[in-house]
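Trainee: Here it is: the structure, laid out below.
Residue numbers (my numbering): 36 to 589.
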């Protein structure tokens, strides 16, 4: 009877391991290892925690074997964990110092407390294994759409049962006016999977731009197959969205493919997104064309691009201004997000006014700097001259070719322009010295005196000060906040200098300061290039050695 009871217990142990492994979708061996840890902990509390005890569960029979491990040592300092070499060799003639002997222990009768502790260990180990399995399963599924069932809603956050894992849709990742209740089916985009202390956290979103792109991939075969590519998406979740598409096949219209017969394809996406209106736009490599398309349905008369600042001025008819801007600026904001350009919209009337104001401003500048009358100043401004530097250093023929001008007039105007620049340069230089800007800072390539004054006013007075600057300090930076682009000015804003030129300026200062060398700035050869060069050199050497021999033979 006792033997039958033991067999039943063993069988029950394996059955429990199998049931837990199936329920939690983890390896059976992991559950058995958890049981071994639990039995080991119970045995330590029974036989003394100072003992090194190992437990083994036979995965076929369920038999539990307990053993105390004793280390073979010359000098025994702890009798609970060590055994003298002589005694060890009586048990095993091959025993050496540092080996371990396993001393079998009698089977363990679990008391109530020991059983409770063992259960906690098993639960903890199984939970850890389950979390690891969930993380491994979902860490590579970031960027996919998953379907699940709403398990509960906590403070606006939706907890979703994915079948083999649990995920969360935070309140700010759900669409406005969207309510979920227990048991509702939900479709969302996996945008992040993190390993956290309380288990893997799978974060879902219904507002992410890529969620819309993936929905189109599900509804439009051409997108799924890669014939039509979604280049960019901009969304005002729950309200309006713009999506830019392009086709690799000239015979397939990408916009038409996404719209579908009578709008069936786009309507399926709209329904999933609670009626969010979607503008499907043809993508173009030409920035101006793309931005004009992105502002649809508004008509555009003219665009002026500033590629360095990634800004574009768009001129629209007076009647189209409100349509181009959209309700609460929505249309232009989405177009800006879609294209990656900052867009300034103005009407034809306001653009004309601005042009006239700029013309008057330039004319006044020429009158004051060159000491000429209004007519000459206006002629220079109307010919496209925008600065004194242009007038001073342009080819004389470009000025003398202006109607009413001759070579003598052109020479006189250029002489006055250069004298004005010399005066301004002298003023800036005296101001630089008054600010205490070091002379050697002016030797950094790319800096002029006006820039040195601007740096001095911001407490950058030595080569080391400039070398210690970040690009953002000098060139400024932009950040998106509340769906709007906020521009932070840099020290050298207002000068005609691009961000790459600012980076070169800082690197030149670091070279001059001795922080780095010119060699550090040279691009390193790709793997294989150096080998190819050496191989080519050896070929040349062999050829050079062969040539004299050939000459001798001749």
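For each residue, glycine too, the CB sits at the ideal point set by N, CA and C.
Would you tell me roughly how many angstroms separate the C-alpha atoms of residue 92 and residue 269, rounded to the nearest one?
Mentor: Each residue's alpha carbon lies about 58 Å from the other.
Trainee: With contact counted as at least three CB pairs below 8 Å, one residue from each stretch, are the region 289-305 and the region 347-356 in contact?
Mentor: No, the region 289-305 is not in contact with the region 347-356.
Trainee: Where do the ends of the alpha helix (DSSP H) carrying residue 536 lie?
Mentor: Unbroken alpha helix (DSSP H) run through residue 536: 534-548.
Trainee: According to the neighbour-count rule (16 or more other Cβ atoms, all chains shown, within 10 Å of its Cβ), is residue 182 buried or exposed?
Mentor: Flag for residue 182 reads exposed.
Trainee: For residue 227 and residue 503, what's the separation of their Cα atoms in angstroms?
Mentor: Rounded to whole angstroms, residue 227 to residue 503 spans 36 Å at the Cα level.
Trainee: Thinking C-alpha only, which one of 214, 402, 99 and 89 is nearest residue 105?
Mentor: Looking at the Cα atoms, 89 is the closest of the given residues.
Trainee: Quick check: the region 520-531 against the region 477-494, are at least 3 beta-carbon pairs closer than 8 Å?
Mentor: Yes: at least three Cβ pairs fall under 8 Å.
Trainee: Expressed to the nearest angstrom, what Euclidean distance is found between the alpha-carbon atoms of residue 162 and residue 65?
Mentor: Going from the Cα of residue 162 to the Cα of residue 65 covers about 11 Å.
Trainee: So, using beta-carbon positions, are residue 287 and residue 266 closer together than 7 Å?
Mentor: Not closer than 7 Å, so no.
Trainee: Closest to residue 322 by CA distance: which of 312, 332 and 345 is it?
Mentor: With distances taken between Cα atoms, residue 322 lies closest to 345.
Trainee: Can you give the beta carbon distance from residue 376 to residue 326, rounded, assuming they're within the 8 Å contact cut?
Mentor: Confirmed, about 6 Å.
Trainee: Please classify residue 101: is it buried, with 16 or more other beta-carbons within 10 angstroms of its beta-carbon, or exposed?
Mentor: Buried.
Trainee: What ranges does the alpha helix (DSSP H) occupy inside the region 254-333, keeping only unbroken runs of at least 4 residues that lie completely in it?
Mentor: Correct list: 256-259, 289-294, 299-307 and 322-329.
Trainee: Distance, Cα to Cα, residue 179 vs residue 423?
Mentor: Each residue's Cα considered, the two are about 58 Å apart.
Trainee: When you compare the CB positions of residue 358 and residue 272, do they come within less than 7 Å of one another, or not?
Mentor: Going by C-beta atoms, residue 358 is not nearer than 7 Å to residue 272.
Trainee: Looking at the strands, I want to know which residues DSSP matches up with residue 177.
Mentor: Answer is none; residue 177 lacks a bridge partner.
Trainee: Just tell me which of 292, 392 and 397 has its CA closest to the CA of residue 284.
Mentor: For residue 284, the nearest C-alpha among the options comes from 292.
Trainee: Using the Cβ count rule (16 or more neighbours within 10 Å means buried), how would you classify residue 224?
Mentor: Flag for residue 224 reads buried.
Trainee: Since residue 173 and residue 200 are thought to touch, with beta carbons under 8 Å apart, how far apart are those beta carbons, to the nearest angstrom?
Mentor: At roughly 6 Å, the Cβ-Cβ gap stays under 8 Å, so residue 173 and residue 200 are in contact.
Trainee: What span of residues does the alpha helix (DSSP H) with residue 444 cover, start to end?
Mentor: It spans 442-470 - the alpha helix (DSSP H) in which residue 444 sits, taken as one unbroken run.
Trainee: Can you give the beta carbon distance from residue 18 to residue 208, rounded, assuming they're within the 8 Å contact cut?
Mentor: What the structure shows of the chain is the stretch from 36 to 589, and residue 18 is not part of that stretch, so it cannot be assessed.
Trainee: Counting C-beta neighbours from all protein chains within 10 Å, is the total for residue 132 16 or more, i.e. buried, or is it exposed?
Mentor: Residue 132 comes out exposed.
Trainee: Which of helix, strand or coil does DSSP assign to residue 590?
Mentor: Lying outside 36 to 589, the shown extent of the chain, residue 590 is not represented and no answer is given.
Trainee: Drop a sphere of 10 angstroms on the beta-carbon of residue 50, count the other beta-carbons inside from all chains shown, and report buried for 16 or more, exposed for fewer.
Mentor: It is exposed - the Cβ of residue 50 has fewer than 16 other Cβ atoms within 10 Å.
Trainee: In the DSSP assignment, find the unbroken beta strand (DSSP E) run with residue 231 in it and report its ends.
Mentor: Its beta strand (DSSP E) spans residues 220-231.
Trainee: What are the start and end residues of each continuous beta strand (DSSP E) run of 3 or more residues lying completely inside the region 352-406, in chain order?
Mentor: Within the region 352-406, the complete beta strand (DSSP E) runs of at least 3 residues are 377-382.
Trainee: CA-CA distance, residue 505 and residue 512?
Mentor: Taking the straight line from one Cα to the other gives about 11 Å.
Trainee: Identify the residues that DSSP records as bridge partners of residue 523: which are they?
Mentor: In DSSP, residue 523 forms a bridge with 512.
Trainee: Just the Cα atoms here: how many angstroms apart are residue 38 and residue 155?
Mentor: At residue 38, the pLDDT of 36 sits below 50, so the modelled position is not reliable; the number obtained from the coordinates is stated separately. Residue 38 and residue 155: Cα-Cα distance of roughly 28 Å.
Trainee: What does the alpha-carbon distance come out to for the pair residue 251 and residue 304?
Mentor: Distance between the alpha carbons of residue 251 and residue 304 is about 7 Å.
Trainee: Residues in the same chain with beta-carbon distance under 7 Å from residue 392, minus the five sequence neighbours each way, listed in chain order, please.
Mentor: Within the same chain, residue 392 has no close Cβ partners at all.
Trainee: I'd like the list of long-range same chain contacts for residue 53, defined as Cβ closer than 7 Å, with 5 residues on each side in sequence excluded.
Mentor: Hits under 7 Å: 63.
Trainee: Ends of the beta strand (DSSP E) at residue 194?
Mentor: Unbroken beta strand (DSSP E) run through residue 194: 192-196.
Trainee: Are the beta-carbon atoms belonging to residue 416 and residue 390 less than 7 Å from one another?
Mentor: Result no, Cβ atoms of residue 416 and residue 390 do not sit closer than 7 Å.
Trainee: Residue range of the beta strand (DSSP E) that residue 201 falls in?
Mentor: Counting along the chain, the beta strand (DSSP E) containing residue 201 begins and ends at 201-204.
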